[in-house]
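Same order as they appear, the protein sequences are chains A and B.
Under my numbering, the first residue of the first sequence carries the number 2, and numbering increases by one thereafter.
Under my numbering, the first residue of the second sequence carries the number 2, and numbering increases by one thereafter.
Data first, discussion second: the structure below is written as structure tokens.
2 protein chains.
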Amino acid sequence: MNTRFLDACNQRPTDAVPIWMMRQAGRYMSEYRALRKKYSILEMIKTPELAVEVTLQPANAFDIDAAIIFADILPPLEGMGLELTFEKGVGPVIHNPIRTPADIAALTQPDPRESLSFTLKAIALTRRELAGRIPLIGFSGAPFTLASYAIEGGSSRNYIIAKSLMYGEPQAWHALMEKLSILVGEYLFAQAEAGAQVLQLFDSWVGALSPADYREYVLPHSARAIARAKEAGVPVIHFGTNTGGMLPLIKEAGGDVIGVDWRIEMADARKILGADVAMQGNLDPVTLFAPSEVLKRRAAAIIDPMRGHPGFIFNLGHGLHKETSPEKVAELVDFVHKYSK
Amino acid sequence: MNTRFLDACNQRPTDAVPIWMMRQAGRYMSEYRALRKKYSILEMIKTPELAVEVTLQPANAFDIDAAIIFADILPPLEGMGLELTFEKGVGPVIHNPIRTPADIAALTQPDPRESLSFTLKAIALTRRELAGRIPLIGFSGAPFTLASYAIEGGSSRNYIIAKSLMYGEPQAWHALMEKLSILVGEYLFAQAEAGAQVLQLFDSWVGALSPADYREYVLPHSARAIARAKEAGVPVIHFGTNTGGMLPLIKEAGGDVIGVDWRIEMADARKILGADVAMQGNLDPVTLFAPSEVLKRRAAAIIDPMRGHPGFIFNLGHGLHKETSPEKVAELVDFVHKYSK
């Protein structure tokens, strides 16, 4: 039983720095591409046996210290009445995006035990398959990231539609964020019930906001979701990108572990966050395209300032890119373990 | 003669906070759209009389404290041998992107007085038209932003091609960045010679890098360009987005004024940068889509912590969006002046 990752989440000392990678199950692996030839992304997510298989692919291929359930941040929106598809070359599309207070009032408040039962079942099955070898992470998109997707209808460069609603219809915005935060909190709680040993909240897009907007329009809702998740009694990782200027607010919203991207030095992030919270990060995923010498140098520079601070999890600053070489992933995992021992 | 902007660049007290806006000449103005019906973007940039007209449009419409010459960051690449077009719905495209050390060795080192004479002429003409009413800003893209465009061939989400060359072929990368920094430095110097009273270096994409990568692969080259520009004896503004985690390095590279985006509070940025440099920023451009009450509240929260610090220029954290209402722009300009008086 490898407890490095759980120990680090709880700020207990570890024999080596634990490592896992966001989007560690995905298109860069030939095993994944082989399955994707037969099934769509949503089929893979919604068929528990397939989700288990994909979740285990990186756990079998690399010496990583945690598995993360194969799922996506957007299916929770389906249970609210939004129509989601994944379009080739475009990515996820919401076909009936939210644009008015009436749209928001019409959204249902689904019970994730029903609307997302496939992922809960996949978690229970994966725990059984892992048999305690490494811990399993459950996750959810955060209220702001989900709201942006639901309003914009897809990915966005500037978030003009989402922010216009946020500024212009604050009551409706807060009603939407409350619905989302209840869903996210319940979903995370249910994942822990189903067997997830750590929960990660992904606020991938929150870096589009100023700190003042985050405080006013987002923080209370992320805090509500995290507080509910915490009632399950497992550690929560709170991750966002482009959050270097608002780390104290991210910490205030909650989380036992704060995840940071590569746009800030870990030593600087630790100074801002203080020693009473664990940290996860923060290699630029594109560094995996660099020669080994550069990759190792950059990884070492992340590990060195964290020595003597229990509560550090090595990860990328964002998800693995599909063009990444699996050999480089293996090399990084082994280097982080050996170098930090 | 309105000297507020120049005074703030030089950290001298002003009667009110000066304001101008990045991309203040552009599609959100009906005057601009009327011209764009007749001419392409490159025609407008390369015909000095048209560039003058566009530059003056916002200066005539709003009570702004500076004009910025209408140009684009990419034409300097044309003089090096790269083929640039603007494609509808896509944006700028480089048709022969740089991919190998041989490509980099083949790039010429153009004299911007020849290859960019149209912009230099437009600057001289605009100065005459402005007749001292407000100062004129000249600008250039920074070496990293230009290199990324030249390598990727267009805009990029992940900069995998550019960073792979940077990591994998460091000698060729530094040779490219040296050529670009010489071009950028000479171009900025020549703009000051032609009449630009302040120069801004736009490193719009530099926030894609970790601080460690910025220090190793970019800083010396931006520093070289800024040092050459400074020989012209005018203030230099050094601007980037997503730079909250590397502001000390941006300052180290140079600039009398550091421009920051909205992802960090001005008070925090000032604490990091110190009092010996002027600052420019940092309203989220999407706040211009908010109701007046929210817009004014956010603008006030930027101005308040800068009171008593001479050397502050109000600006957006990035360029104006084309969907912005000109009425809101006028409202912001007037509010900043009145509120800061």
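All residues carry an ideal CB built from backbone N, CA and C; glycine is no exception.
From a predicted model like this one, the values you see are computed outputs, not experimental measurements.
Cβ-based neighbour list, residue i, same chain, cut-off 7 Å, excluding 5 preceding and 5 following
i             : result
residue 34/A  : 28
residue 47/A  : 119
residue 331/A : 63
residue 97/A  : 83, 84
residue 328/A : none
residue 319/A : 23, 242, 262, 286
residue 336/B : 297, 300
residue 128/A : 137, 196
Burial state of residue i (16 or more Cβ within 10 Å)
i             : result
residue 90/A  : exposed
residue 342/A : exposed
residue 300/B : buried
residue 164/B : buried
residue 2/B   : exposed
residue 187/A : buried
residue 283/B : buried
residue 222/B : buried
residue 41/A  : exposed
residue 212/A : buried
residue 1/B   : Because chain B here runs from 2 to 342, residue 1/B falls outside it and cannot be looked at.
residue 26/A  : buried
residue 244/B : buried
residue 92/A  : exposed
residue 201/A : buried
residue 305/B : exposed
Neighbourhood of residue i by C-beta, 8 Å cutoff - its chain only, sequence neighbours within 5 removed
i             : result
residue 14/A  : 8, 311
residue 45/B  : 36, 37, 51, 52, 55, 71
residue 110/B : 81, 180, 183, 184
Residue-chain proximity (residue i, chain A), Cβ-Cβ < 8 Å
i             : result
residue 299/B : yes
residue 310/B : no
residue 160/B : yes
residue 17/B  : no
residue 254/B : no
Neighbourhood of residue i by C-beta, 6 Å cutoff - its chain only, sequence neighbours within 5 removed
i             : result
residue 322/A : 286
residue 325/B : 29, 289
residue 16/A  : none
residue 86/A  : 94
residue 219/A : 145
residue 258/A : 10, 238, 279, 281
residue 79/B  : 85
Contact with chain B by residue i, beta-carbon distance below 8 Å
i             : result
residue 264/A : yes
residue 164/A : yes
residue 246/A : yes
residue 96/A  : no
residue 243/A : yes
residue 302/A : yes
residue 295/A : yes
Would you check if the segment 50 to 64 of chain B and the segment 148 to 168 of chain B touch, i.e. whether three or more CB-CB distances between them fall below 8 Å?
no
Specify whether the segment 182 to 201 of chain A and the segment 256 to 271 of chain B touch according to this definition: at least 3 beta carbon pairs, one from each stretch, less than 8 Å apart.
no
Name the residues in the segment 264 to 293 of chain A whose C-beta lies less than 9 Å from a C-beta of chain B; which are they?
Of all residues in the segment 264 to 293 of chain A, 264, 265, 266, 269, 270, 283, 284, 285, 286, 287, 288, 290, 291, 292 have a Cβ within less than 9 Å of some Cβ in chain B.
Return the residues of the segment 190 to 224 of chain A that lie within a Cβ-Cβ distance of less than 8 Å from chain B, sorted by chain order.
208, 210, 211, 212, 213, 214
Do the segment 205 to 222 of chain A and the segment 231 to 238 of chain A meet, that is, are 3 or more Cβ pairs less than 8 Å apart?
no
Could you run through the segment 57 to 77 of chain A and flag, in chain order, every residue whose CB is less than 7 Å away from some CB of chain B?
Answer in chain order: no residues at all.
Of all the residues that make up the segment 318 to 341 of chain B, which are near chain A by a beta-carbon distance shorter than 7 Å?
Correct list: 322, 324.
Check distances from the C-beta atoms of the segment 167 to 181 of chain A to those of chain B and list, in chain order, the residues that come in under 7 Å.
For the segment 167 to 181 of chain A, the residues whose beta carbon sits under 7 Å from a beta carbon of chain B are, in order, 168, 169.
Say whether the segment 125 to 136 of chain A touches the segment 167 to 184 of chain A, bearing in mind that this needs 3 or more beta-carbon pairs closer than 8 Å, one atom from each stretch.
no
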